[in-house]
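Take a look at the structure set out below.
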Amino acid sequence: MKLILRRFPLYLVVTFIAGVPLLISLILASLSVIDYREQAYTSNQDQEAVQLVALYDNLAHNIAVERGLSAGVLGSKGNPTQVSNLNKQRKIADKHINALLQFTPEYLSQELTQKLGKDIQQRLRSISDLRSQVDSLKPKSSPFAYYSDINQLAIDNSAMLLANISNSEITTLGASLISIVTMKEKAGQVRGALNGVFARGNATPALFANIQGYIAQGGYAMRSAIIEMPPKYATQLNGLTQQDSWKKVENIQNSFLSQSNNLEAIKGPEASAWFSLATDRIKLLNGLRSGLQENMISTSNNSAKQANFLSQLLVVLILTVGSLLLLSIVLCVQNLKKRVEFLTSNLDQMSKQRDLTVQLNMEGKDEISQISSSIDALTKNIKVLLSDVTKTNEHSTIRLDTIVNNSHNLDSSSQATTAKCANIATAMTELSQSSLEIAASAERALSETSDMQGQVTDCLNQSEASFASVEGLLAQITETQSCMTELEKDTHSIGQIVASIQGISEQTNLLALNAAIEAARAGEHGRGFAVVSSEVRDLAQRSKDATQNISQLLEKITENTRRSVNNMDKSREASDGTHQSVHVVNASVQQLGVVIGQLSEHITSIANSTIEQSKASEEVDKDIDTLSEIAQNTGALANDLNTIVDDYKVEVAGVQHKLSEFKLSL
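Shown next as structure tokens:
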């Protein structure tokens with residue numbers, strides 16, 4: 037390849053090398069234009085798909101609103117206000133239905149749009165009949181199921197359209213929109229179903245299962261939304277969940293789900309209150325839906341505009357840049373040809389005539405200018421070279437003399453270093469012996485510390501045993517104190533019983549006295565009764581005397597019991613103090629054990645460090661011996677260097693003699 041290029045002039049080679057890439061660039065640029073046009077067409081398809089998704093989304097939203105209002109009309113039995121609101125919403129829904137039916141694709145596949153719209157159009161044909169049934173308040177088919185079916189078809193169509201969009205950002209926004217619309221749809225279904233449940237106060241198992249499914253599907257849709265949507269909208273959705281109306285709706289739903297075993301008597305808010313709260317939550321979701329829809333439409337429009345703009349811009353840039361590059365190549369080749377001819381002619385003159393006075397003087401920053409500048413600098417440097425060599429040779433002679441002097445000084449320094457190394461080696465030997473003695477002392481201290489640790493362990497065991505004994509004594513004192521307290525209470529109770537017996541004795545004595553009086557009145561007939569009453573009085577008197585003795589004895593027992601209780605209190609206080617003291621002693625002994633353990637570790641560390649120091653001293657001693665040998669070798673090398681430098685001085689003198697033969701004219 038090099039041989040082929042050398043057969044042609046440089047300007048022709050440059051023209052060929054520059055022209056081929058330019059041609060290839062134009063071809064690649066044309067392919068890029070085609071690719072950008074395809075991207076623009078795809079962006080227009082995405083834009084049109086987003087428009088159709090927005091139409092389906094608007095249809096689903098307004099159909100859902102009509103579904104809720106229809107349920108309100110049926111639930112209120114034709115309330116005029118509800119009917120008026122429903123009629124207004126029907127007009128709005130009809131506008132969006134007509135907008136969807138009138139949509140004509142320009143970039144999207146006609147076959148795809150017809151397949152998507154076929155089922156919805158079929159359902160919409162019967163909307164007038166269903167509305168008439170609602171107006172008559174006697175629907176033959178379920179409006180709830182009809183509207184929900186249309187909404188589900190709209191959501192499915194939107195999902196299929198989004199699957200064909202190539203822009204990842206629009207796809208993400210679209211998936212988020214589908215999730216939010218699904219959440220809103222399920223919220224609307226829950227609103228309508230629970231509205232009827234709270235109005236009736238009961239629910240069937242099938243209806244409960246449907247509502248439970250709506251709530252679960254809404255939760256799955258919310259999870260998908262949080263995962264798929266951009267952080268901005270995820271944060272906004274999390275903020276909506278913190279709204280008061282949202283939390284109230286969640287609480288009501290959870291309350292309903294918790295009543296699965298009591299479907300005959302469902303408890304909950306009034307139907308109107310529930311409908312209002314559920315509508316507020318749907319409005320929150322609708323606001324987020326509108327924001328996502330607007331962002332998706334704006335993104336698709338901007339993407340389509342940008343793709344079309346880039347396609348047109350690329351065509352203009354290719355034409356402009358191609359023309360400029362072609363013109364630049366022609367001018368550069370002409371200039372290159374002229375400058376190369378000037379350079380070759382001057383170099384030919386310098387080589388043939390050996391004329392170093394020729395100066396090219398080509399100014400510029402390109403390679404040819406740099407070559408000419410380098411050649412001019414080379415001729416100048418050749419002129420200066422011989423003069424510099426002569427001066428350098430003279431300086432070398434002076435430096436050689438300096439090296440000789442330094443070599444002699446180095447020899448003297450080596451001898452002094454050897455003497456110093458011997459002194460340091462002696463000192464390091466003494467340091468190593470001292471380190472070994474310190475290590476032995478540390479080992480003895482470690483042994484004594486181990487003995488002390490064992491004594492502290494024995495003391496700790498005895499302290500713990502004393503602590504356990506004091507705790508047992510304290511428990512026994514507490515139990516004895518409780519018994520004495522009970523004894524005091526029992527003594528008091530016995531005193532009350534003795535008092536009662538004493539009262540009975542006094543009453544018996546009075547009764548016996550009365551009986552004696554009555555017996556005296558009876559005369560001979562009452563004599564036997566008088567004897568009995570006399571005996572009863574004697575027994576009553578003895579009972580009184582006995583109870584008085586018992587009372588005195590109980591008073592002494594009570595007094596002794598009180599003193600015992602007081603003494604037990606003092607004993608308990610003393611035991612508590614002893615308990616605390618033993619506890620403190622136990623903690624102190626434990627702390628002493630820890631301190632002795634730390635001291636043992638420090639002594640071990642000192643012993644190890646001392647041994648390491650001794651080893652390091654031995655290593656330093658060896659290094660000093662090595663250093664002494666190095667110093668001796670350095671002295672020998674200095675002597676050899678003196679011999680070499682003397683020989684080199686002789687050679688430099690010969691070179692100086694030869695340089696003096698040149699004649700330089702600078």
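To convert, take the position in the sequence shown, counting from 1, and add 36; that gives this note's numbering. Backbone N, C-alpha and C fix where the C-beta goes; we use that ideal spot for every residue, glycine too.
Own chain, CB closer than 8 Å to residue i, minus 5 neighbours either side, in chain order
i, result
"F234", "I302, G304, P305, E306, A307 and W310"
"N98", "Q125, I128, A129 and H132"
"S536", "none"
"L362", "L58"
"L91", "H132, A135, L136 and F139"
Beta-carbon proximity list for residue i, same chain, < 7 Å, skipping 5 on both sides
i, result
"N121", "L105"
"S296", "F244"
"N331", "L209"
Option nearest residue i by Cα separation, candidates the options
i, options, result
"M219", "R159, L320 and Q125", "L320"
"Q279", "M258, M265, Y256 and L313", "L313"
"T583", "A181, S296 and S541", "S541"
"L547", "S536, G564, A576 and R563", "A576"
"L58", "L549, S364 and I647", "S364"
"K284", "R227, Q125, A135 and I666", "R227"
"N545", "K456, N596 and R578", "R578"
"K606", "V366, K131, I216 and T514", "T514"
"N550", "T208, V567 and N603", "V567"
"N115", "S172, M332 and Q272", "S172"
"L589", "H528, Q348 and Q491", "H528"
"T315", "E665, I288, S281 and S387", "S281"
"L273", "S291, R317, L144 and S381", "R317"
"N290", "G323, P266, G255 and I263", "G255"
"G222", "Q329, T207 and A257", "Going by the sequence as given, residue 222 is Lys instead of Gly. Looking at the Cα atoms, A257 is the closest of the given residues."
"E507", "S477, E609 and E377", "E609"
"W75", "T51, K427 and L350", "It is worth fixing the name first, because residue 75 is Gln in this sequence and not Trp. Looking at the Cα atoms, L350 is the closest of the given residues."
"D526", "Q150, T597 and G323", "T597"
"E473", "I642, I533 and F378", "I642"
Classification of residue i by the beta-carbon crowding that lies within 10 angstroms, buried from 16 upward
i, result
"V170", "buried"
"L293", "exposed"
"D93", "buried"
"S79", "buried"
"R480", "exposed"
"A239", "buried"
"I680", "exposed"
"Q627", "exposed"
"R599", "exposed"
"E484", "exposed"
"L414", "exposed"
"P267", "exposed"
"E102", "buried"
"S168", "exposed"
C-beta atoms of residue i and residue j nearer than 8 Å
i, j, result
"A85", "I354", "no"
"V89", "S212", "no"
"S177", "L166", "yes"
"S214", "I191", "Contrary to the premise, residue 214 reads as Ile rather than Ser in this sequence. In contact: I214 and I191 (Cβ atoms closer than 8 Å)."
"A704", "S569", "Lying before the first or after the last residue shown, residue 704 is absent from the chain, which here runs from 37 to 702."
"D82", "S334", "no"
"A229", "I247", "yes"
"G224", "A343", "no"
"N187", "A96", "yes"
"G708", "L62", "In the structure as shown, the chain begins at 37 and stops at 702. Residue 708 is therefore absent and cannot be evaluated."
"Q395", "D412", "yes"
"G531", "S617", "no"
"S636", "S486", "yes"
"S339", "N203", "yes"
"I632", "Q498", "no"
"E524", "T594", "yes"
"Q538", "K580", "yes"
"Y269", "L324", "yes"
Beta-carbon contacts of residue i that lie in its chain and below 6 Å, excluding the five residues immediately before and after
i, result
"L152", "N193"
"V119", "V109"
"G232", "none"
"I156", "L189"
"A689", "none"
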